[in-house]
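Peer 1: Just dropping this structure here.
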Amino acid sequence: MRTEQLQKKSQITWVNAMNNILNRAKETVNPEIINI
1 MRTEQLQKKS QITWVNAMNN ILNRAKETVN PEIINI
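Using UniProt numbering, read the sequence shown as starting at 1 and increasing by one per residue.
Listed below in structure tokens is the structure:
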């Protein structure tokens, strides 16, 4: 049970990190070019 919770938590953390990177990329590059 604990290992499953840790895996879910780390998965969510990883997804959040990827979202942050995508958001920074969108801010850096012209928003019209990237449509996600």
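All C-beta atoms in this analysis are idealised placements derived from N, C-alpha and C, irrespective of residue type, glycine included.
Please report the distance separating the alpha-carbon of Q7 from that of A25.
Peer 2: Roughly 27 Å separates the two Cα atoms.
Peer 1: Q5 to I21, Cα distance in whole Å?
Peer 2: Whole-angstrom Cα-Cα distance: 24 Å.
Peer 1: Determine the direct distance from the alpha carbon of V29 to that of W14, and round the result to whole angstroms.
Peer 2: The alpha-carbon atoms of W14 and V29 are separated by roughly 23 Å.
Peer 1: To the nearest angstrom, how far is it from the Cα of N19 to the Cα of T3?
Peer 2: Answer to the nearest angstrom: the Cα atoms are 24 Å apart.
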